[in-house]
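Asks: Residue numbers (the working numbering): 80 to 341.
Beta carbons are placed, not taken as given, at the ideal position from N, Cα and C, and that holds for glycine.
First, the structure itself, so that you have it in front of you.
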Amino acid sequence: MPELPEVETVVRTLRPKITGRRILSAEFTGLRVLIGDARETAEALVGRKITGVTRHGKFIAIALDQGFLVVHLGMTGRLLVDGELTKWTHAVLTLDQGSLVYEDPRQFGRIEYGVSLPARVAALGPEPLEVSEGEFGRRLKLRRSPVKAVLLNQSVVRGVGNIYADEALFRAGVNPKRMAASLGAERVGRVYRAMQEVLREAIEARGSSISNYVDAEGCQGSFQTAHRVYQRTGEPCVNCGAEIKRILVGQRGTHYCGRCQR
DNA sequence: GTTGTTACCTGTACGC
DNA sequence: TGCGTACAGGTAACAA
Numbered sequence: 080m081p082e083l084p085e086v087e088t089v090v091r092t093l094r095p096k097i098t099g100r101r102i103l104s105a106e107f108t109g110l111r112v113l114i115g116d117a118r119e120t121a122e123a124l125v126g127r128k129i130t131g132v133t134r135h136g137k138f139i140a141i142a143l144d145q146g147f148l149v150v151h152l153g154m155t156g157r158l159l160v161d162g163e164l165t166k167w168t169h170a171v172l173t174l175d176q177g178s179l180v181y182e183d184p185r186q187f188g189r190i191e192y193g194v195s196l197p198a199r200v201a202a203l204g205p206e207p208l209e210v211s212e213g214e215f216g217r218r219l220k221l222r223r224s225p226v227k228a229v230l231l232n233q234s235v236v237r238g239v240g241n242i243y244a245d246e247a248l249f250r251a252g253v254n255p256k257r258m259a260a261s262l263g264a265e266r267v268g269r270v271y272r273a274m275q276e277v278l279r280e281a282i283e284a285r286g287s288s289i290s291n292y293v294d295a296e297g298c299q300g301s302f303q304t305a306h307r308v309y310q311r312t313g314e315p316c317v318n319c320g321a322e323i324k325r326i327l328v329g330q331r332g333t334h335y336c337g338r339c340q341r
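Here's what the structure looks like:
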């Protein structure tokens, strides 16, 4: 499931391969994934030149000489350069050199073309690797929800998903059920540093390959071997040996150590 | 405005 | 082997 490190890896592998390429044709078959009319979108894309690829939280923005093609990978989306066509291929862009293929079995992903970035991308919170500790703390102070749910809220910070929220809170030693607004400055600082640390390490490892995640070249990440709590229910805590628990916080599976995380 | 709940969707794991 | 069921989760829409 692609979160910030996985999307960053896709963008980094995609950027040198498609920047400068021109779109010769565009075909959309997965009408659930595409926001907008398939024929109109294809007509708008044909002839456009790709000028850059950037990441906004978990959104990928493919900048064109006119407008943007914005892609969200959802749970199982894959954006592949010269990817093979499968039963779950929803979009194919034929470029003047190679192709760009979008496939997504669960169809939770979204593709949208517009002359500017869509409002929901503009409404996202700051990047967790760029926000200051003070600003991060101020944003947490405004929220009367469990800190785990707040980290997942993309309008607070953009890009943190279930894996990295659990891993960051474990490293910070903070219980995921704690109310965000009730955290003191010391705990906020620990969450802030742990969030940045785990995201940086995961980017370095090219993300976590859970489910079917691969980057734009079809390569898997390796950070899943470094997970300390995520999907380790019942296993011993790497710090204290207590059993890792799984609970629901905000309807999301949440993994934590009840002894280390207070 | 904020918070909580639900639907969307299919592959996988599990029990019988 | 085959079937039914539970589960995974990011976002948007909706209700409170």
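What beta strand (DSSP E) runs, 3 residues minimum, are completely inside the segment 107-156?
Replies: Whole beta strand (DSSP E) segments, 3+ residues: 129-135, 138-143, 147-151.
Asks: Between which two residues does the alpha helix (DSSP H) harbouring Thr92 extend?
Replies: Taking the first residue of the first sequence as position 1, residue 92 is located at position 13. That run of the alpha helix (DSSP H) goes 83-97.
Asks: Which same chain residues end up closer than 6 Å to Thr396 when comparing Cβ atoms and leaving out the 5 residues on each side of it in sequence?
Replies: Nothing about residue 396 can be reported from this structure: the residues present for the chain run from 80 to 341 only.
Asks: Measure the C-alpha to C-alpha separation of Arg100 and Gly193 and round it to an integer number of angstroms.
Replies: In the first sequence, the residue the question calls residue 100 occupies position 21. In the first sequence, the residue the question calls residue 193 occupies position 114. Using only the alpha carbons, I get a separation of about 19 Å.
Asks: Any contact between the segment 115-129 and the segment 151-163? By contact I mean 3 or more CB pairs, one from each, below 8 Å.
Replies: Result no; under three Cβ-Cβ pairs closer than 8 Å.
Asks: Does the beta-carbon of Asp116 have 16 or more other beta-carbons within 10 angstroms, so that it is buried, or is it exposed?
Replies: Taking the first sequence and counting its residues from 1, one reaches residue 116 at position 37. Burial call: exposed.
Asks: Can you give the Cα-Cα distance for Gln275 and Glu246, rounded to whole angstroms?
Replies: Start at 1 with the first residue of the first sequence, and residue 275 comes out as number 196. Start at 1 with the first residue of the first sequence, and residue 246 comes out as number 167. If I take the Cα positions, the gap works out to 11 Å.
Asks: Would you call the segment 84-98 in contact with the segment 280-294, where contact means no fewer than 3 C-beta pairs closer than 8 Å?
Replies: Segments in contact, yes.
Asks: Which one of Leu159, Val317, Ile190 has the shortest CA to CA distance from Val180?
Replies: For the purposes of this step, residue 180 is taken as residue 101 along the first sequence, with counting starting at 1. Selected option, being the one with the closest Cα: Leu159.
Asks: Could you tell me whether the segment 211-225 touches the segment 252-268, where touching means 3 or more Cβ pairs closer than 8 Å?
Replies: Because the criterion of three Cβ pairs below 8 Å is met, the segment 211-225 and the segment 252-268 touch.
Asks: Could you give the distance in angstroms between the alpha-carbon of Val86 and the alpha-carbon of Pro315?
Replies: Looking up residue 86 in the first sequence gives position 7. Looking up residue 315 in the first sequence gives position 236. Roughly 30 Å between the two C-alpha positions.
Asks: Across which residues does DSSP place Pro184 in a beta bridge pair?
Replies: The residue you call residue 184 lines up with position 105 of the first sequence. For Pro184, which the question treats as bridged, DSSP gives no partner whatsoever.
Asks: Specify, as a first and last residue, the run of the alpha helix (DSSP H) that Ile242 falls within.
Replies: As a working mapping, residue 242 is identified with position 163 in the first sequence. Ile242 -> alpha helix (DSSP H) spans 241-251.
Asks: Could you tell me which of Gln330, Thr312, Gln299, Gly329 sits nearest to Pro84, measuring between CA atoms?
Replies: Looking up residue 84 in the first sequence gives position 5. When only C-alpha atoms are compared, the closest one is Gln299.
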